[in-house]
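Visitor:
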């Protein structure tokens with residue numbers, strides 16, 4: 001059904017509308033800058049980086065049958081994605097994400113992923129109807145899952161036989177949606193990629209650094225957790241122990257998509273046989289290149 005380099009990317013596939021300015025900003029700021037529109041969403045951002053590394057991402061998400069959706073599907077195909085299994089809705093519009101970034105980082109963002117949430121389990125049909133898997137032969141490859149899905153659907157995935165053999169990698173879409181990943185602590189079958197704030201929300205605790213946060217997630221039931229903390233050291237926590245490494249020092253020119261780049265680079269490194277330390281180091285370097293503007297998704 002799949003090849004060694006296939007990976008399912010499940011979640012938000014939408015248009016990113018990003019306003020960036022070189023000025024420091026605060027509430028009410030009105031400054032010059034640039035506004036761009038490009039394919040985005042957590043699942044899509046991860047898929048784009050995976051494709052750049054030579055993998056073949058298979059997208060599972062919801063896109064409307066509107067002009068914006070047709071344009072987005074064409075863009076995904078042009079970027080090397082397998083779009084065969086996308087759910088195309090007749091009555092739901094294509095989702096969008098809007099963010100404003102200044103020299104002092106992300107100022108504000110709104111994620112409109114209502115169509116993905118409304119589509120619900122329809123996006124997962126290929127995993128049970130024989131196209132990508134079925135009851136007697138569930139999908140047994142890599143899966144990158146984002147937290148834009150509803151909590152009820154994430155609860156279903158955490159316990160579903162369709163994912164029992166998958167190498168499941170999960171990330172929240174934002175700190176505001178981090179608590180949706182609680183089911184993966186209860187079932188302990190996924191590797192969680194979170195930042196320090198998200199780890200604290202999941203554990204309902206305040207952590208001083210990524211190592212403390214990773215240990216906290218493991219204590220709450222996670223099978224493995226990777227915790228980032230901006231320019232401070234990141235930590236990979238698992239049954240074998242904790243590994244902490246600092247990210248390279250770079251000038252930050254953008255932030256939207258950095259976490260997705262980190263996750264994708266880490267997945268690729270481990271798929272190619274890298275050790276835990278090598279994979280963490282490579283992912284930190286990839287994220288640093290991205291935020292510095294050296295590479296694009």
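In full-length UniProt numbering, the protein residues as written are 1 to 297.
Note that CB positions come from ideal geometry on N, CA and C, so glycine has one too.
How big is the Cα-Cα spacing for residue 246 and residue 176?
Guide: 26 Å
Visitor: What is the rounded straight-line gap between the Cα of residue 242 and the Cα of residue 279?
Guide: Approximately 14 Å, taken between the alpha carbons.
Visitor: Residues in the same chain with beta-carbon distance under 7 Å from residue 182, minus the five sequence neighbours each way, listed in chain order, please.
Guide: 202
Visitor: Please confirm whether residue 235 and residue 244 have their CB atoms less than 7 Å apart.
Guide: yes
Visitor: Considering residue 183, what are the terminal residues of the alpha helix (DSSP H) in which it resides?
Guide: 182–187
Visitor: Thinking just about the alpha-carbon of each residue, which of 68, 20, 35 is nearest to the one in residue 93?
Guide: Looking at the Cα atoms, 68 is the closest of the given residues.
Visitor: Measure how close the beta-carbons of residue 63 and residue 13 come, nearest whole angstrom, since I'm counting them as under 8 Å.
Guide: 6 Å
Visitor: Under the three-state reduction of DSSP, which class applies to residue 52: helix, strand or coil?
Guide: Collapsing the DSSP output to three states places residue 52 in a helix.
Visitor: Would you identify the three-state DSSP class for residue 72, choosing helix, strand or coil?
Guide: helix
Visitor: What ranges does the beta strand (DSSP E) occupy inside the segment 129–200, keeping only unbroken runs of at least 3 residues that lie completely in it?
Guide: 142–146, 167–171, 190–195
Visitor: So, with DSSP's three-state summary, where would you put residue 260?
Guide: helix
Visitor: For residue 110, does the count of other Cβ atoms within 10 angstroms reach 16, so buried, or fall short, so exposed?
Guide: exposed
Visitor: Starting from the Cα of residue 298, find the closest Cα among 174, 284, 160 and give me that residue.
Guide: Any question about residue 298 goes unanswered here, given that the chain covers just 1 to 297.
Visitor: In chain order, what residues of the same chain lie with their CB nearer than 7 Å to the CB of residue 118, ignoring the 5 residues before and after it?
Guide: 92
Visitor: Residue 293 and residue 228 - do their beta-carbons sit closer together than 7 Å?
Guide: no
Visitor: Just tell me which of 88, 142, 38, 106 has its CA closest to the CA of residue 174.
Guide: 106
Visitor: Name the residue from 103, 89, 41 whose alpha carbon lies nearest to the alpha carbon of residue 23.
Guide: Taking each of 103, 89, 41 in turn and checking the Cα distance to residue 23, the smallest one comes out for 103.
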